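K.L.:
Numbering (our numbering), first residue to last: 17 to 148. For every residue, glycine included, the Cβ atom is placed at its ideal position computed from N, Cα and C. Quick caveat: nothing in here was measured; it's all calculated off a predicted structure.
Here is the structure:
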């Protein structure tokens with residue numbers, strides 16, 4: 017999986033315009049690298065740090081969600097110990113925390129900056145990788 021995201025994808029995850037992402041880059045708040053074609057791309061780990069540092073907005077009074085309850089976001093923290101891993105993900109204004117086996121986190125390659133999908137089933141949250 018590439019270690020970078022296109023500006024448009026970063027804007028989608030942050031729920032801002034690409035121009036806002038460019039301003040964040042120019043202000044030094046997001047790290048970029050140049051692609052082979054010379055385009056600026058966002059460093060995933062830098063985006064994860066930025067998103068984790070943002071204040072959490074209050075949830076709206078009425079929440080509507082799709083029947084599938086799938087939230088795309090970016091991994092902001094992974095804590096592993098003997099057999100378990102706690103994975104935090106920022107999906108728009110939502111911070112999602114999932115507990116899974118260390119093996120599962122390792123197999124998915126979860127680390128800050130990885131783009132992932134949280135599938136929520138009643139009391140269970142499963143982290144998946146999107147099709148690229």
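Excluding the 5 residues preceding and the 5 following residue 49 in the sequence, name in chain order all residues of the same chain whose CB lies nearer than 7 angstroms to its CB.
P.N.:
In the chain shown, residue 49 corresponds to position 33, counting from 1. Same-chain partners within the cutoff: 20, 57, 59.
K.L.:
Buried or exposed: which applies to residue 23, given that a residue is buried once 16 or more other Cβ atoms fall within 10 Å of its Cβ?
P.N.:
Position 7 of the chain shown holds residue 23. Buried, by the Cβ-count rule.
K.L.:
By DSSP, does residue 136 sit in helix, in strand, or in coil?
P.N.:
Within the chain shown, the letter at position 120 stands for residue 136. Here residue 136 sits in strand by DSSP.
K.L.:
Taking Cβ to Cβ, would you say residue 129 is nearer than 8 angstroms to residue 46?
P.N.:
Mapped onto the chain shown, residue 129 falls at position 113. Mapped onto the chain shown, residue 46 falls at position 30. It is not a contact, given that the beta carbons lie outside the stated cut-off.
K.L.:
Assuming contact is defined by CB atoms lying nearer than 8 angstroms, are residue 107 and residue 134 in contact in what I supplied?
P.N.:
Here residue 107 refers to the residue found at position 91 of the chain shown. Here residue 134 refers to the residue found at position 118 of the chain shown. In this structure, residue 134 lies closer than 8 angstroms to residue 107 by Cβ.
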